[in-house]
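Engineer:
In our numbering, the protein residues as written are 739 to 791.
1) Is the shortest distance between the beta-carbon of residue 779 and the beta-carbons of chain B less than 8 Å?
2) I'd like the span of the alpha helix (DSSP H) that includes residue 742, first residue to last.
3) Taking the continuous alpha helix (DSSP H) assigned at residue 759, which residues delimit it?
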């Protein structure tokens, strides 16, 4: 891919992109937070299982 074509594609994406609304941002933040908590719980369970046996 040529540099000129790459820059055109990047510009097009940035031109189309928009700032998320507060509702969209909060929804993404909640989902991300839930995922982080879920991974933490799974990691804690694995840690406890391996330390008990």
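Glycine included, each C-beta is placed from N, C-alpha and C at the ideal position.
Structural biologist: Reading from the atomic positions:
1) Note that chain B does not occur in the displayed structure, where there is just one protein chain.
2) Counted from its first residue, the chain shown places residue 742 at position 4. Its alpha helix (DSSP H) spans residues 741 to 754.
3) Numbered from its first residue, the chain shown carries residue 759 at position 21. First-last for residue 759: undefined, no H or E at that position.
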